[in-house]
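Novice: In UniProt numbering, the protein residues as written are 1 to 86.
For glycine and all other residues, C-beta sits at the position ideal for the given N, C-alpha and C.
Take a look at this one; I'll ask things after.
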């Protein structure tokens with residue numbers, strides 16, 4: 001059986017962006033600004049709780065059809081989010 005792929009997002013720490021797991025973003029960097037590593041749009045971390053585990057997911061705050069990490073809305077052409085965080 002293969003291990004599930006660790007999902008990541010980027011958090012702003014000081015003046016730089018750092019890639020972290022969704023669990024780390026949700027627990028250790030709760031108040032930090034978070035962005036998608038693919039399109040740089042602002043994201044939030046959601047959790048589904050099923051004792052004893054938590055399944056984390058990343059959700060874009062504003063939908064964007066150019067993000068390859070959102071297969072349900074992706075149009076096939078990757079692009080930065082219109083409100084990309086730098």
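When you compare the CB positions of residue 65 and residue 73, do they come within less than 8 Å of one another, or not?
Specialist: On the chain shown, position 65 is the one that residue 65 refers to. On the chain shown, position 73 is the one that residue 73 refers to. Going by C-beta atoms, residue 65 is nearer than 8 Å to residue 73.
Novice: Tell me which same chain residues have a C-beta within less than 7 Å of the C-beta of residue 18, skipping the five on either side of it?
Specialist: Here residue 18 corresponds to residue number 18 of the chain shown, with the count starting at 1. For residue 18, where only same-chain residues beyond five positions count, the Cβ hits under 7 Å are 10, 11.
Novice: Could you check which residue in 34, 26, 67, 24 has the C-alpha nearest to that of residue 86?
Specialist: To locate residue 86, count along the chain shown from 1; it is residue 86. If we check each option's Cα against that of residue 86, 34 comes out closest.
Novice: Considering only heavy atoms of the ligand SAM, does any lie closer than 7 Å to the CB of residue 21?
Specialist: Looking for the ligand SAM in the displayed structure turns up nothing, as the structure carries no ligands at all.
Novice: With DSSP as the reference, please indicate the residues paired to residue 51 in a beta bridge.
Specialist: The residue you call residue 51 lines up with position 51 of the chain shown. Answer is none; residue 51 lacks a bridge partner.
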